[in-house]
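A quick write-up on the structure given underneath.
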Amino acid sequence: MRIFDPHIHMTSRTTDDYEAMYAAGVRAVVEPSFWLGQPRTSVDSFTDYFDALLGWEPYRAAQFGIQHRCTIALNPKEANDPRCAGVLDVLPRYLAKDGVVAVGEIGYDSMTPEEDEALARQLELAVEHDLPVLVHTPHRDKAVGTRRTLDVVRESGIPPEHVLVDHLNELTVSMVADSGCWMGFSIYPHTKMSEDRMVRILQEHGTERMLVNSAADWGRSDPLKTRKTADAMLAAGFDADTVDQVMWGNPVAFYGQSGRLDLEDVKPDETALFEGNSVKRGGE
Ligand SMILES: [Zn+2]
9 MRIFDPHIHM TSRTTDDYEA MYAAGVRAVV EPSFWLGQPR TSVDSFTDYF
59 DALLGWEPYR AAQFGIQHRC TIALNPKEAN DPRCAGVLDV LPRYLAKDGV
109 VAVGEIGYDS MTPEEDEALA RQLELAVEHD LPVLVHTPHR DKAVGTRRTL
159 DVVRESGIPP EHVLVDHLNE LTVSMVADSG CWMGFSIYPH TKMSEDRMVR
209 ILQEHGTERM LVNSAADWGR SDPLKTRKTA DAMLAAGFDA DTVDQVMWGN
259 PVAFYGQSGR LDLEDVKPDE TALFEGNSVK RGGE
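Per the numbering used here, the sequence shown runs over residues 9 to 292.
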């Protein structure tokens with residue numbers, strides 16, 4: 009099995025996670041830039057983070073046989089903090105870099121006018137740079153927030169096939185399917201979406217334009233949820249090719265639109281690539 013986790017925050021995960029992910033079949037990940045858990049106080053704090061997503065984290069992932077790419081953006085939550093507004097001005101410099109496969113996560117958190125402005129500006133940037141976008145949907149008022157997100161996406165003129173609308177559930181999947189955008193589902197251990205619910209959604213709505221991610225971060229989350237969902241699909245009677253489409257083909261097709269994925273070196277069948285490699289650690 010080969011797995012591409014299209015949304016995971018590896019910066020907040022350990023090397024044990026990388027080892028377990030590789031053993032489970034994960035060969036590529038996309039790490040969206042996001043909130044750090046506490047407010048950032050200046051634009052410099054973002055640029056240090058973006059640089060780590062483009063330098064240190066791909067290097068760390070490569071030690072474990074996993075290819076790492078990222079998406080760069082001002083996240084919805086911090087769009088409301090005036091100290092962060094200048095991030096929009098440094099984004100073009102980052103969106104030109106090879107390791108960046110999309111603009112994201114953008115979208116709504118509390119649906120404020122400031123979030124409207126940041127979302128519209130970043131959709132424009134995506135069009136200018138001919139990049140896909142990863143759009144976060146709010147965890148509160150999800151149906152209202154998703155509908156409003158789709159309206160803004162439509163008005164921006166970005167082609168729907170360049171848009172991945174994430175954190176969907178049973179209530180929001182149909183409206184995104186109808187929009188022509190790609191559909192993302194974050195599978196969590198205790199809340200929101202589970203692997204069994206995901207299987208039922210795939211049975212009902214099919215596997216076209218469907219992406220499954222762990223969205224693992226520093227909260228309670230599980231970087232192996234992609235593999236667990238793949239196993240649940242197989243147990244429910246999906247064949248191996250269909251599982252491969254959802255877990256590999258779809259994310260490759262979506263982020264491949266950036267022209268910046270290079271998966272030639274991926275070895276799906278090789279195991280324990282990291283064994284016998286001395287893993288370099290930061291600070292040593
Ligand atoms: Zn995220």
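Using N, Cα and C, we set each Cβ at its ideal position, and we do this for glycine too.
At which residue ranges does the stretch 55-118 contain complete alpha helix (DSSP H) runs of 4 or more residues, listed in the order of the chain? Complete alpha helix (DSSP H) runs here, min 4: 64-70 and 95-103.
Measuring from the CB of Pro-14, is there a heavy atom of ligand 1 at a distance below 6 angstroms? The residue labelled residue 14 in the question sits at position 6 within the sequence shown. Pro-14 Cβ: outside cutoff for every heavy atom of ligand 1.
For Asn-83, which residues of its own chain have a beta-carbon under 6 angstroms away from its beta-carbon, when the five flanking residues on both sides are left out? In the sequence shown, the residue the question calls residue 83 occupies position 75. Excluding residues within five positions, the ones whose Cβ falls inside 6 angstroms are Phe-42, Trp-43 and Glu-113.
Nearer than 6 angstroms: is that true of the beta carbon of Phe-42 relative to any heavy atom of ligand 1? For the purposes of this step, residue 42 is identified with residue 34 of the sequence shown, where counting begins at 1. Yes - ligand 1 has a heavy atom lying nearer than 6 angstroms to the Cβ of Phe-42.
In whole angstroms, what is the alpha-carbon distance linking Asp-52 and Ala-36? The residue labelled residue 52 in the question sits at position 44 within the sequence shown. The residue labelled residue 36 in the question sits at position 28 within the sequence shown. Cα-Cα distance, rounded: 28 angstroms.
Say whether the stretch 190-205 touches the stretch 219-227, bearing in mind that this needs 3 or more beta-carbon pairs closer than 8 angstroms, one atom from each stretch. A contact exists between the stretch 190-205 and the stretch 219-227.
Assigned exposure category for Ala-243 - 16 Cβ within 10 Å defines buried: Taking the sequence shown and counting its residues from 1, the one referred to as residue 243 is at position 235. Classification of Ala-243: exposed, given that the 10 Å Cβ count is below 16.
Distance, Ala-32 Cα to Glu-283 Cα: As a first step, residue 283 is located in the sequence shown; it is residue number 275 there, counting from the start. As a first step, residue 32 is located in the sequence shown; it is residue number 24 there, counting from the start. For Glu-283, the pLDDT reaches just 37, beneath the cut-off of 50, and the residue's location in the model is therefore unreliable, leaving the point undetermined.
If you draw a straight line from the alpha carbon of Arg-68 to that of Tyr-57, how long is it in whole angstroms? In the sequence shown, residue 68 corresponds to position 60, counting from 1. In the sequence shown, residue 57 corresponds to position 49, counting from 1. Linking Arg-68 to Tyr-57 through their CA atoms gives a straight-line distance of about 15 angstroms.
For Glu-212, count the other beta carbons within 10 Å of its own beta carbon; 16 or more makes it buried, fewer makes it exposed. Which is it? For the purposes of this step, residue 212 is taken as the residue at position 204 of the sequence shown. Its Cβ having fewer than 16 others within 10 Å, Glu-212 is exposed.
Would you tell me roughly how many angstroms separate the C-alpha atoms of Ala-248 and Arg-77, rounded to the nearest one? Sequence index remark: in the sequence shown, residue 248 carries index 240 (1-based). Sequence index remark: in the sequence shown, residue 77 carries index 69 (1-based). If I take the Cα positions, the gap works out to 26 angstroms.
Once you ignore the five residues that flank Ala-110 on each side, which residues in its own chain have a CB closer than 7 angstroms to its CB? By 1-based counting over the sequence shown, the position of residue 110 is 102. These residues qualify, in order along the chain: Thr-79, Leu-139, Pro-140, Val-141, Leu-142, Tyr-263 and Ser-266.
Pairwise C-alpha distance: His-198 and Pro-231: Your numbering for residue 231 matches position 223 in the sequence shown. Your numbering for residue 198 matches position 190 in the sequence shown. When rounded, the distance between both Cα atoms is 13 angstroms.
Quick one, are the C-beta atoms of Ala-224 and Ile-74 less than 7 angstroms apart? In the sequence shown, counting from the first residue as 1, residue 224 sits at position 216. In the sequence shown, counting from the first residue as 1, residue 74 sits at position 66. One thing to note: Ala-224 has its Cβ no nearer than 7 angstroms to the Cβ of Ile-74.
List the DSSP bridge partners of Val-173. As a first step, residue 173 must be located in the sequence shown, where it is residue number 165. Answer is Val-143 and Met-191.
Would Thr-157 and Gly-115 be called neighbours here (beta carbons separated by less than 7 angstroms)? As a position in the sequence shown, residue 157 is number 149, starting the count at 1. As a position in the sequence shown, residue 115 is number 107, starting the count at 1. A contact, by the Cβ cut-off of 7 angstroms.
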